[in-house]
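Protein chains in written order, with my numbering: chain F, 17 to 369; chain L, 17 to 369. C-beta: ideal position from N, C-alpha, C; glycine also. The structure displayed is predicted, hence computed values, not measured ones. The structure under discussion appears below in the form of structure tokens.
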DNA sequence: ATGAAAGCGCTAACAC
DNA sequence: GTGTTAGCGCTTTCAT
């Protein structure tokens, strides 16, 4: 089938083939593709031509085998499609690229089984380092697996318990506490906390923050961790609203819960913020566009991915493996974005920050 | 520093080390890690123990060097953080995993420079195949590069011009035309088309669809391709609204334009849909939650990633390289999701489809 | 400035 | 069943 001029050979051309075609030794070709030092200008030009003509590309696998780094790093997250993690990934990839590396992203759906398998697969590919957001951050087996690696590891969003593994987190506790305090300052007395996935580290920290604020104000905590989906939100809210002492505010601990709750409130024609104030954890697109715009605790998403990757490369370059010396814990600040749903006056140009 | 039991060796243990430790030959170990056929039960157990004890993991690079597939496929997209592409990626990864492969995702910001570099990097890593959403789908150099590969390539979202490269697309033309027709059926006469990134294939197809519907209804097309951001949207809309014949509907060609336009309309206190009807191309979270809920052309995002990966593996397994035989063009249908902003009655339970 | 040759870790003939 | 051995494509001494 008449095809294009390039390489119609069955397989990729090899360095040896280039060498032969150029009438030089393999060493010379190797030098050329690695910067071209110690090669005469003519040879260099000649070899480059041949490389071009043959469409030669060095085989990473062979280089790796010689013991070099693979120039790949792995990122293991619950879901690529989750905006939080995909933003992290984008930021991490930028750093990886700046360091001449490739980022390989895999997803686990928070299942321990997948987390362990992904670590193993990535390791088989000899990634130089690993960034991981582990759903099962307290799993003994995962921890031991990670601890046994020679490659550096950085945990994001959720730390690996009792491991001394570096981590980049946001201050979920403070963020939640500040949000609830804000609600309290608005005079809210019965603030209910709504969420799903109560087993995750992040959620638990946020609950701690909620409790701390509530209790230090002498109020009563009301926590519902059953909100997995829209109908769960609807049920929970209907029940709460028809209870003896209905809440006057909701603090929702994750994006989907915030969105679902907001929609339920609309459907039930409950006024926000007059009847119920609403503050969510985690910002999202359109949180500033809906009416009322929604006040949220905003996490520095890109910064997480960026810092984690930076930290990883720092460990990589500092020579040694995971747990020694530079293991660090980076805690990033969260920010309360005050929009309308908490009771603050609507800003004039609400398409927010 | 007292560490854990695993492998404290400087580097990874090798198959040879396992063989020696187990008192067997390398072939036997190789057999064990490849399924354990033709090995006696005792040896098998023994070897497995040693593997476990040493924390041995086969080195992919070495396998690759032997000519095997790398069991990795590459996905090149404009941005990982874009929900459209991250959903594609998630779907593609699921297929890859089902086929025992790893998906490597890289992003290009639609820059030709990055697209070419990413192809080369992925190729150096000897990915078995490539899925690409090329911003510069008409670039000659990119096309030639892709055509020269022995690895199968599947284009998504945007076809590679004049290349015969397989592609998985949605029917942008039909989708747009149906949306505009819907607006026309609602009695709208002056439907303005708003968008940015007019150079992209997808956008151009949508414009074609818009034109087709408008012209066959004897109306006048009004197209503004300058909407890069919020303030551009604001300017454009203000100008349109104060013109002699202000529009009575907007058809927005991409997510961000839809969201920005919606917000501008709110700020200007222009009633939707009574004064201006709105239909957007591409669904997004909360499109059903805002008030009025927004009617959109919904693309089968997961299906794109899924089909593309399936197609890629099909080509991979069918033995040969890119352009022969099974090169296909898969066109997926888009669906008009009728919510409120087009003028259709609000549905009772508007949290969408 | 350039080349010859020895592996890197693994698999696949081919013996035993 | 199991071991021996020859490379896969590359980098890297060590000569020249």
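Cβ of residue 20 of chain F within 8 Å of any chain L Cβ | The residue you call residue 20 of chain F lines up with position 4 of the first chain. At residue 20 of chain F the pLDDT is 30, less than 50, meaning the model places this residue with poor confidence; the figure from the coordinates comes in the next sentence. It does: the Cβ of residue 20 of chain F has a partner Cβ on chain L nearer than 8 Å.
Selected residue, minimal CA-CA separation from residue 123 of chain L, among L:135, L:117, L:315 | As a first step, residue 123 of chain L is located in the second chain; it is residue number 107 there, counting from the start. Considering only alpha carbons, the answer is L:135.
For the alpha helix (DSSP H) that residue 225 of chain L lies in, which residues bound it at each end?
-> Counted from its first residue, the second chain places residue 225 of chain L at position 209. 217-232 is the span of the alpha helix (DSSP H), which, as asked, contains residue 225 of chain L.
Could you tell me the distance, in whole angstroms, from the CA atom of residue 361 of chain L to the CA atom of residue 248 of chain F?
-> Looking up residue 361 of chain L in the second chain gives position 345. Looking up residue 248 of chain F in the first chain gives position 232. For residue 361 of chain L and residue 248 of chain F, the distance between alpha carbons rounds to 26 Å.
Does the segment 160-175 of chain F come within contact of the segment 288-298 of chain F, defined as at least 3 CB pairs closer than 8 Å?
-> By the Cβ rule, the segment 160-175 of chain F does not count as touching the segment 288-298 of chain F, because fewer than three pairs are nearer than 8 Å.
Flag this pair as touching only if the segment 262-272 of chain F and the segment 208-218 of chain F have three or more C-beta atom pairs under 8 Å; answer yes or no.
-> yes
State yes or no: is the beta carbon of residue 38 of chain F nearer than 8 Å to at least one beta carbon in chain L?
-> Along the first chain, read from residue 1 onward, the residue named residue 38 of chain F stands at position 22. Taking Cβ atoms only, chain L never reaches closer than 8 Å to residue 38 of chain F, which makes this a no.
Can you tell me whether residue 216 of chain F is buried or exposed, with buried defined as 16 or more other CB within 10 angstroms of its CB?
-> To locate residue 216 of chain F, count along the first chain from 1; it is residue 200. Residue 216 of chain F comes out buried.
Quick one: is residue 250 of chain F buried, meaning 16 or more other Cβ sit within 10 Å of its Cβ, or exposed?
-> For the purposes of this step, residue 250 of chain F is taken as the residue at position 234 of the first chain. Counting Cβ neighbours within 10 Å, residue 250 of chain F comes out buried, since at least 16 surround it.
Just the C-alpha distance for residue 139 of chain L and residue 118 of chain F, rounded to the nearest angstrom, thanks.
-> Taking the first residue of the second chain as 1, we reach residue 139 of chain L at position 123. Taking the first residue of the first chain as 1, we reach residue 118 of chain F at position 102. Rounded to whole angstroms, the separation of the alpha carbons of residue 118 of chain F and residue 139 of chain L is 12 Å.
Indicate whether the contact test is met: 3 or more Cβ pairs, each with one atom in the segment 76-88 of chain L and one in the segment 46-60 of chain L, closer than 8 Å.
-> no
Since residue 267 of chain L sits in a beta bridge, which residues does DSSP pair it with?
-> Numbered from its first residue, the second chain carries residue 267 of chain L at position 251. Partner(s): L:209, L:295.
Tell me the start and end of each unbroken alpha helix (DSSP H) in the segment 78-149 of chain L that is at least 4 residues and wholly inside, in chain order.
-> You should have 99-114, 128-140.
What is the DSSP secondary structure of residue 245 of chain F, reduced to helix, strand or coil?
-> Position 229 of the first chain, counted from the start, is the residue given in the question as residue 245 of chain F. It is coil, neither helix nor strand.
Counterpart residues of residue 37 of chain F in DSSP-defined beta bridges | Here the question's residue 37 of chain F lines up with position 21 in the first chain. By DSSP's assignment, residue 37 of chain F forms no beta bridge with any residue.
Considering only C-alpha positions, which residue in the set L:233, L:253, L:236, L:190 is nearest to residue 16 of chain L?
-> Chain L is shown only over 17 to 369; residue 16 of chain L falls outside these bounds and no answer can be derived.
Identify which residue in F:236, F:53, F:60, F:28 has its Cα closest to the Cα of residue 38 of chain F.
-> Reading the first chain from its first residue, position 22 is the one you call residue 38 of chain F. Of the candidates F:236, F:53, F:60, F:28, the one whose C-alpha sits nearest the C-alpha of residue 38 of chain F is F:60.
Residue 156 of chain F (DSSP reduced to helix, strand or coil) | By one-based count along the first chain, residue 156 of chain F stands at place 140. Residue 156 of chain F falls in the helix class under three-state DSSP.
Through-space distance from residue 218 of chain F to residue 99 of chain F, alpha-carbon basis | Reading the first chain from its first residue, position 83 is the one you call residue 99 of chain F. Reading the first chain from its first residue, position 202 is the one you call residue 218 of chain F. Each residue's alpha carbon lies about 16 Å from the other.
Please state if the CB of residue 34 of chain L and the CB of residue 55 of chain L are separated by a distance shorter than 8 Å.
-> If you number the second chain from 1, residue 55 of chain L lands on position 39. If you number the second chain from 1, residue 34 of chain L lands on position 18. It is not a contact, given that the beta carbons lie outside the stated cut-off.
Compute the distance between the beta-carbons of residue 312 of chain F and residue 319 of chain F, then report whether it is under 8 Å.
-> As a working note, residue 312 of chain F is residue 296 in the first chain. As a working note, residue 319 of chain F is residue 303 in the first chain. No, these two residues do not count as a Cβ contact at 8 Å.
Return the Cβ separation of residue 328 of chain F and residue 346 of chain F in integer angstroms, given the expectation that the two are a contact with Cβ distance under 8 Å.
-> The count along the first chain starts at 1 and reaches residue 328 of chain F at position 312. The count along the first chain starts at 1 and reaches residue 346 of chain F at position 330. Actually they are not in contact, since the Cβ atoms of residue 328 of chain F and residue 346 of chain F sit about 12 Å apart, beyond 8 Å.
Within 7 Å: the Cβ of residue 45 of chain F and any heavy atom of the ligand PLP?
-> The ligand PLP is not part of the structure shown, which contains no ligands of any sort.
Would you call the segment 228-235 of chain L and the segment 255-262 of chain L touching, i.e. three or more CB-CB distances under 8 Å?
-> no
Residue 333 of chain L CB to nearest chain F CB: under 8 Å?
-> For the purposes of this step, residue 333 of chain L is taken as the residue at position 317 of the second chain. False, the Cβ-Cβ gap to chain F never drops below 8 Å.
What do you reckon, are the CB atoms on residue 308 of chain F and residue 288 of chain F nearer than 8 Å?
-> To locate residue 308 of chain F, count along the first chain from 1; it is residue 292. To locate residue 288 of chain F, count along the first chain from 1; it is residue 272. The answer is yes: Cβ separation under 8 Å.
Pull up the distance between the alpha-carbon of residue 154 of chain F and that of residue 91 of chain F, whole angstroms please.
-> Here residue 154 of chain F refers to the residue found at position 138 of the first chain. Here residue 91 of chain F refers to the residue found at position 75 of the first chain. The alpha-carbon atoms of residue 154 of chain F and residue 91 of chain F are separated by roughly 19 Å.
Comparing the C-beta of residue 268 of chain F with each C-beta of chain L, is any distance below 8 Å?
-> Here the question's residue 268 of chain F lines up with position 252 in the first chain. Chain L, which has no Cβ nearer than 8 Å to the Cβ of residue 268 of chain F, makes this no.
Is the CB of residue 282 of chain F under 8 Å away from at least one CB in chain L?
-> Translated into the one-based positions of the first chain, residue 282 of chain F becomes position 266. Chain L, which has a Cβ nearer than 8 Å to the Cβ of residue 282 of chain F, makes this yes.
Thinking residue 325 of chain F and residue 112 of chain F are a contact (beta carbons under 8 Å), I'd like their distance in whole angstroms, please.
-> Sequence index remark: in the first chain, residue 325 of chain F carries index 309 (1-based). Sequence index remark: in the first chain, residue 112 of chain F carries index 96 (1-based). So it is a contact: roughly 6 Å between Cβ atoms.
Quick one: using the 10 Å Cβ neighbour count with 16 as the cut-off for buried, is residue 277 of chain L buried or exposed?
-> Translated into the one-based positions of the second chain, residue 277 of chain L becomes position 261. Flag for residue 277 of chain L reads buried.
Backbone CA spacing between residue 305 of chain L and residue 275 of chain F [nearest angstrom] | Along the second chain, read from residue 1 onward, the residue named residue 305 of chain L stands at position 289. Along the first chain, read from residue 1 onward, the residue named residue 275 of chain F stands at position 259. Each residue's Cα considered, the two are about 8 Å apart.
Using the C-alpha atoms, what's the distance from residue 316 of chain F back to residue 240 of chain L?
-> Position 224 of the second chain, counted from the start, is the residue given in the question as residue 240 of chain L. Position 300 of the first chain, counted from the start, is the residue given in the question as residue 316 of chain F. Near 34 Å, if we compare the C-alpha coordinates of residue 316 of chain F and residue 240 of chain L.
Leaving aside the five residues before and after residue 357 of chain F along the sequence, list all residues of the same chain whose C-beta is less than 6 Å from its C-beta, in chain order.
-> Here residue 357 of chain F refers to the residue found at position 341 of the first chain. Excluding positions up to five away in sequence, the list reads 288, 289, 294, 308, 310, 311.
Taking 8 Å as the CB-CB limit, is residue 149 of chain F close to chain L?
-> As a first step, residue 149 of chain F is located in the first chain; it is residue number 133 there, counting from the start. It does not; no Cβ of chain L falls within 8 Å.
Own chain residues within Cβ distance below 6 Å of residue 200 of chain F, not counting five before or after = Within the first chain, the letter at position 184 stands for residue 200 of chain F. Within the same chain, Cβ atoms closer than 6 Å to the Cβ of residue 200 of chain F are found at 233, the five residues on either side in sequence being excluded.
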